[in-house]
Amino acid sequence: MSVTSYREALRQAHREALASDPRVFLMGEDVGRYGGTYAVTKGLLEEFGPERVRDAPLSELAFVGAGVGAALGGMRPIVEVMTVNFSLLALDQIVNNAALYRHMSGGQFSVPLVIRMATGAGRQVAAQHSHSFENWYASIPGLTVLAPATPADARDMLAAALAHPDPVVIFEHVQLYNLEGDLPDARNPDIHSAAVRREGRDVCLISYGGSMPKTLQAAEQLAREGIEAEVVDLRVLRPLDDETILASVRKCRRALVVDETWRSGSLAAEVMARIAEQAFYDLDAPLARVCSEEVPIPYAKHLEDAALPQPEKIVAAVNSMLGRAAG
Amino acid sequence: MSIAPPPAGPVPYAKELSVDLLRDMLRIRRLEERSAQLYGEGKIRGFLHLYIGEEAVAAGAMRALRPEDNIVATYREHGHALLRGVPMRSIMAEMYGKHEGCSHGRGGSMHLFDAKHRFYGGNAIVGGGLPLAVGLALADRMQGRSAVTACFFGDGAVAEGAFHESMNLAALWKLPVLFCCENNFYAMGTAIERYESQTDLCTKAASYGMRTLRVDGQDAVAVHEVTKGAARHVREAAGPCFVEFQTYRFRAHSMFDPELYRDKREIEAWKARGPLHTFSARLKAEGKLTEDEFLAMDREVAKEVGDAVAYAENGTWEPVETLLQDVSTGAAPR
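Residue numbers (the numbering used here), protein chains in the order written: chain A, 61 to 387; chain B, 48 to 381.
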């Protein structure tokens, strides 16, 4: 056990993957000489050379598609798309090729490709660089979608994704790279289950990725107010782990989903629909969610803060659900 | 568009290869003529894009490639799949949507796949196959294989960003991609001079610093020779190569196309350059083929087509219970 940052955990995972499997290589914008936009891949070019740590041109469509082709050709590519914002330029290759090839070919071809991308807001980089589209990707059959929220998941999910025979998209929230946490020696290869990060009984808070620290912070505040919140980390956004979600909801009888995607059509909406479908009669209160406001994420700090889920908003929503005045 | 005279001159091959090239083209032609008929009968549905008129490209090019090479094709790919070795039976069964089809009825006409023959589809997004081909070539190079990835696409794809990004990446990394542009002068219903600022596609391609070649795509001999040379260049690790095959689609874009955008005289002029009759005439003039031999070949091909149709007719439907199969491995979709 050691305390490590999310970034360092990711780097360690890359180093291990490159060292242990000659089929693994890394490709993306500025992953090599620059060291990675978020410094995740720093030092890997020097260690593994330019064949396996490939700086790509600003051609998201081509290098993501080349990742699909290389995966079809027997390699295990890790493609880093700098951010989810730029992944829109590669969406055709992700949706129409990576996700569809197995089914469209009658099961003849698989695409063992890992696509990593930074996501989310909170750094005052304004509307075009602050998107969260995990919900879009999580709606596509053929993709597995992961959102590590801890250094341990950041490390272990990469290896699990590489071992998966089909395309996996990993979302790394930009606010998490400096997050420090325990890095157990034991590896967790699970990319199927959600995890209960905090035990509670009064309300179930469901979240993932960059909203997890905010949700845990809200749970601490609620505890000070006498409300014991259980916190579920979705971890895997597709396929969703209904079992863990429903078990927690049935225990707490109230549920609130925290999700940085825009409210309409959010991932929260999907989670709530599943709860409503399967646990409606176990609920003591209407379902609730805290999502991003339906506005392009603004630049000014106070406006950006107001647009995003925040611990205070979560606490207020829980109090409202419980019919209590805000604490 | 200036239309050249019909392909002519001696066929520089022994009788066997000469006749093989003709048979290749005839197999595509008869398969597709029957497919169009079956479409009319409602046996084949969805989109059906016929290659009729362009057969010399697939015939000449496929015989220049090796079994270890990869093929990436478009939605107009029946001919490429067939000549790559995908049995006519499984192509027809796929168009019927049957379990016995090469993609088990999941793909249809536009999504023929065959792992055994390294046939990577059947890509129905214009330009969508090019990045994939770059990646296949990268995988070959990183694993020390000397294979070529032949990527077929139409002139319409040249206007897509995927074309430019892929050409750049393949040239930058000197990857063994053979870019095979089948220029039939129309992007669906839009003529090339109406959508390209530079209609000389080789000029465009050359800007990426790769070798470019232009060839009469109606002439199976010219296609075969140029593709052989280009494949050798690519295989010898000299980097990618772009070949423009100038050809023409004799039929509509798809079965839904009323063809309001082409002059009938233009179509007739190109039909005079038909790859099949001009090639068989050359073979006959050289004494490599008699009319009787041609008729025997045609009967043999008709038999293969009839057999493929019977196979598809007698095929089975995938049980609906298998609907969710082959989406992802392992975890069942929830």
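For glycine and all other residues, C-beta sits at the position ideal for the given N, C-alpha and C.
Inset, instruction - Quick one: using the 10 Å Cβ neighbour count with 16 as the cut-off for buried, is D152 of chain A buried or exposed? - result: buried
Inset, instruction - Can you grab the Cα-Cα spacing for the pair Y122 of chain B / R323 of chain A, in whole Å? - result: 38 Å
Inset, instruction - Taking V181 of chain B as the query, report the chain A residues whose CB atoms sit under 9 Å from its CB, ordered along the chain. - result: A122, F123, G125, A126, G129, A130
Inset, instruction - Taking only runs that begin and end inside the region 77-114 of chain A, name each unbroken alpha helix (DSSP H) of 4 or more residues, in chain order. - result: 104-108
Inset, instruction - Tell me whether L370 of chain B counts as near the ligand MG, meaning its Cβ is closer than 7 Å to at least one heavy atom of that ligand. - result: The ligand MG is absent from the structure shown, which contains no ligand whatsoever.
Legend entry - As assigned by DSSP and simplified to three states, the class of L121 of chain A: helix
Legend entry - T237 of chain B - partner residues in DSSP beta bridges: B:A234
Inset, instruction - Indicate whether the contact test is met: 3 or more Cβ pairs, each with one atom in the region 262-274 of chain B and one in the region 87-107 of chain B, closer than 8 Å. - result: yes
Legend entry - 8 Å Cβ cutoff, L370 of chain B in contact with chain A: no
Legend entry - Assigned exposure category for G256 of chain B - 16 Cβ within 10 Å defines buried: exposed
Legend entry - Nearest-angstrom Cα separation, counted from R74 of chain B out to P52 of chain B: 25 Å
Inset, instruction - Can you say whether A285 of chain B is buried or exposed, counting buried as having 16 or more other CB atoms within 10 angstroms of its CB? - result: exposed
Legend entry - Backbone secondary structure at V355 of chain A - three-state DSSP: coil
Inset, instruction - List the whole-angstrom C-beta distance separating E89 of chain A from A126 of chain A, where the pair is believed to meet the contact cut-off of C-beta under 8 Å. - result: Between A126 of chain A and E89 of chain A the Cβ distance is about 13 Å, and since that is not below 8 Å, they are no contact.
Legend entry - Straight-line gap, V309 of chain A to M332 of chain A (C-alpha atoms, nearest Å): 11 Å
Legend entry - Nonlocal neighbours in the same chain, by C-beta distance under 8 Å from F210 of chain B, ignoring five residues either side: G174, L177, F200, A204
Inset, instruction - Compute the distance between the beta-carbons of W364 of chain B and K145 of chain B, then report whether it is under 8 Å. - result: yes
Legend entry - Nearest neighbour of I266 of chain A, chosen from A:G166, A:A158, A:V378 [CA to CA]: A:V378
Inset, instruction - Determine the direct distance from the alpha carbon of P54 of chain B to that of R320 of chain B, and round the result to whole angstroms. - result: 7 Å
Inset, instruction - Measure how close the beta-carbons of A178 of chain A and V234 of chain A come, nearest whole angstrom, since I'm counting them as under 8 Å. - result: 5 Å
Inset, instruction - Anything in chain B within Cβ reach of D216 of chain A, meaning under 9 Å, just list it in chain order. - result: The premise fails here: D216 of chain A is roughly 17 Å from chain B at the closest Cβ pair, so nothing lies under 9 Å.
Inset, instruction - Grab me the residues of S65 of chain B's own chain with a C-beta within less than 6 Å of its C-beta, minus the 5 sequence neighbours each way, in chain order. - result: V58, L330, K335
Inset, instruction - Can you tell me which of A:R257, A:R258, A:A220, A:P244 puts its alpha carbon nearest to the alpha carbon of D250 of chain A? - result: A:A220
Inset, instruction - Answer with yes or no whether the minimum CB distance from L185 of chain B to chain A is below 8 Å. - result: yes
Legend entry - Three-way DSSP call (helix, strand, coil) for R153 of chain B in this model: coil
Inset, instruction - From the DSSP output, in three-state form, read off S267 of chain A for me. - result: strand
Legend entry - Y308 of chain B (DSSP reduced to helix, strand or coil): coil
Inset, instruction - For my contact list, I175 of chain A and V139 of chain A are in at a C-beta cut-off of 8 Å; report their separation, rounded to the angstrom. - result: 5 Å
Inset, instruction - Let me know if E290 of chain A comes out buried or exposed under the rule of 16 or more other beta-carbons within 10 Å of its beta-carbon. - result: buried
Legend entry - Alpha-carbon to alpha-carbon, R71 of chain A and D263 of chain B: 52 Å
Legend entry - Between the CA atoms of T246 of chain B and N215 of chain B - distance to the nearest angstrom: 19 Å
Inset, instruction - Could you give the DSSP three-state label for L239 of chain A: helix, strand or coil? - result: coil
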